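Trainee: In UniProt numbering, the protein residues as written are 1 to 496. I'd like to ask some things about the structure below.
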Ligand code: SF4
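What follows is the structure in structure tokens.
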């Protein structure tokens, strides 16, 4: 889709079907490459592998010594835009970065000017920046910057970083970026580029992921390792919390520590849901961690039943672990239509109301007469869970038991994940028993926070005095105070 305003969501679009906000949504994926011929092709492939982190829009910026900086930003999937030879020819150079994003609740109907990477022209040359995360003091920063004369081009929080860089008195762009990011609170993983350098930064708590890869003589940075695999890059290591790497084709990787060291608070939900199961986080396979979550879930919440079924696709590894631990047979009782996408059919009201049935169908022959355990990654509003339960009962199941591979999601995320307001979260207003009745199932159980920590490799469970991860959406304990939201009236959890 060419530049312009976002089109209205199509009722047959995968996201539109899921638009009741019944899943938390990661808002961005980022990728950068330096020292490779036609970097834009690598960036496009990397972004394609990260499409699960953002499906609304994507953008790529490249630099070529003859052609200078070039950029393309488009709504829609990477595969529908950045496969066109005509477009890719406009993005020459051996250095490039890219970004994919989801629409957030407040930005439906966003304009192309909100699509990253953002670009700024400084006295020492241009720089482009792509940001994954959320700046929790963005309102205050924007107000200050506007009062001092900055002219914002977009409604995105991430643009603050470019304006803070413009006001810095440092002599080079990496130092200006350090200056800017020291003013920023919240969660950020950033890839940026100058004419010669690829730069990667993670916030001091390391809330959002960023990994380093090597490809031939070149280097790349990505939100997840699955984006390295697709281009045949070798995984080198994670960028550490609070680390900035400055990479050139000639000198390789230089590491800086611009921030005061703090205990790491990586997002534990990356293990549960956001990251792709074929990615590696902290040296651990995401798939294996999810399988282990299923094992813990079965230990904590056993139930007599005939069949363990995943809610596809994200519940599958946990369901495999649950079935293995419980000894109850695993079966694909729900089948996902892999080809949901935009279609030329103009849907009627009747079709629109089919909702989840457009995406998921019950395997009746398997379900009929059975006591079924459904394993899902999370319950957000509960709307999808209710519909799935109805489908399973319609197919003749004798009993339906929900087992959830995360603790109750009772608090919104302010660190780069699209979450409904607190009052819309089922677990914010109901006890487990009330949720069970509301969903109309025979039983409903969640993994405990300690069980989740054990599954991600913390044998002793959660360290209450200094939790090893960010788990604010479950615990209400926010590692960075969401200053803007508190000003807007958000009530933090009262101290116990
Ligand atoms: S609040 Fe939840 S989703 Fe957000 S960063 Fe923390 S653990 Fe991840």
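Glycine is no exception: its CB is placed at the ideal position from the N, C-alpha and C atoms. Predicted model, so just to flag it, every value in this text is computed and none were measured.
#1: Measuring straight from C-alpha to C-alpha, what distance separates residue 32 and residue 96?
#2: Between which residues of its own chain and residue 150 is the CB-CB distance below 6 Å, once the five residues before and five after are set aside?
#3: My output table needs one value for residue 376: the three-state DSSP class, helix, strand or coil.
#4: Got a sec: does ligand 1 put a non-hydrogen atom nearer than 6 Å to the Cβ of residue 417?
#5: State the CB to CB distance for the pair residue 406 and residue 450, rounded to an integer number of angstroms; the pair is presumed to be in contact (CB under 8 Å).
#6: Which same chain residues end up closer than 6 Å to residue 244 when comparing Cβ atoms and leaving out the 5 residues on each side of it in sequence?
#7: Can you give me the start and stop residues for the beta strand (DSSP E) that residue 404 sits inside?
#8: Can you list, in chain order, the residues of its chain with a C-beta nearer than 6 Å to that of residue 345? Leave out the 5 residues immediately preceding and following it.
#9: State the CB to CB distance for the pair residue 124 and residue 172, rounded to an integer number of angstroms; the pair is presumed to be in contact (CB under 8 Å).
#10: Are the CB atoms of residue 272 and residue 279 within a distance shorter than 7 Å?
#11: Report the CB separation of residue 310 from residue 319 in whole angstroms; it is logged as a contact under 8 Å.
#12: Throw me the rounded Cβ distance for the residue 228 and residue 213 pair, which I believe falls under 8 Å.
#13: Just to confirm my understanding: we take residue 466, look at its own chain, exclude 5 residues before and 5 after, and list those with CB closer than 8 Å. What are they?
#14: Do residue 427 and residue 292 come within 7 Å of each other at the CB atom, strictly closer than that value?
#15: Just how far apart, CA to CA, sit residue 403 and residue 361?
#16: Of the choices 398, 463, 59, whose alpha-carbon is the least far from that of residue 113?
#17: Using DSSP's beta-bridge definition, name the partner residues of residue 64.
#18: In this structure, does DSSP put residue 317 in helix, strand or coil?
#19: Excluding the 5 residues preceding and the 5 following residue 3 in the sequence, name in chain order all residues of the same chain whose CB lies nearer than 7 Å to its CB.
#20: For the alpha helix (DSSP H) that contains residue 474, what are its first and last residues?
#21: Within this structure, are the beta carbons of residue 392 and residue 363 separated by less than 7 Å?
#22: Do you know how far the Cα of residue 87 is from the Cα of residue 70?
#23: With a threshold of 7 Å between beta carbons, is residue 245 in contact with chain D?
#24: My guess is that residue 294 and residue 375 are in contact by the Cβ rule of under 8 Å, so how many angstroms apart are they, rounded?
#25: Express the C-alpha separation of residue 249 and residue 207 in angstroms, rounding to a whole number.
#26: Taking just the CA atoms, how far does residue 394 sit from residue 210?
#27: Hey, how far is the Cα of residue 304 from the Cα of residue 420?
#28: Our contact map puts residue 223 next to residue 132 with C-beta atoms below 8 Å; I'd like the distance itself, whole angstroms only.
#29: Whose C-beta lies closer than 7 Å to the C-beta of residue 62 among residues of the same chain, with five residues either side of it excluded?
#30: Please report how far the alpha carbon of residue 332 lies from the alpha carbon of residue 284, in whole angstroms.
#31: Going straight from the alpha carbon of residue 316 to that of residue 185, what length do you get?
#32: Pull up the DSSP beta-bridge partners for residue 220, would you.
#33: CB of residue 473 to nearest heavy atom of ligand 1: below 6 Å?
#34: Suppose only complete runs of 4+ residues qualify. What are the alpha helix (DSSP H) ranges in the region 66-154, listed by chain order?
#35: Rounded to the nearest angstrom, what separates residue 268 and residue 413 at their Cα positions?
#36: How should residue 106 be labelled, buried or exposed, when 16 other C-beta atoms within 10 angstroms of its C-beta is the threshold for buried?
Mentor: So, from the data block:
#1: 6 Å
#2: 163
#3: strand
#4: yes
#5: That pair is no contact at about 13 Å.
#6: 201, 256, 258
#7: 399-404
#8: The predicted position of residue 345 is uncertain, since its pLDDT is 48 and thus under 50; a value taken from the coordinates is nonetheless stated next. So the list is empty, once near-sequence residues are dropped.
#9: 6 Å
#10: no
#11: 4 Å
#12: 4 Å
#13: 263
#14: no
#15: 19 Å
#16: 59
#17: 68
#18: helix
#19: Because the pLDDT of residue 3 is 39, which lies under 50, any placement of that residue in the model is unreliable, and the number read from its coordinates should be weighed accordingly. Hits under 7 Å: 112.
#20: 472-475
#21: no
#22: 11 Å
#23: Included in the structure is just one protein chain, with no chain D present.
#24: 6 Å
#25: 28 Å
#26: 44 Å
#27: 34 Å
#28: 6 Å
#29: 39, 40, 70, 91, 92, 93, 95, 96
#30: 26 Å
#31: 35 Å
#32: 33, 213
#33: yes
#34: 78-81, 85-88, 138-147
#35: 12 Å
#36: Reliability of the predicted coordinates at residue 106 is poor, the pLDDT of 43 falling under 50, and the value obtained from them is presented with this limitation in mind. It counts as exposed.
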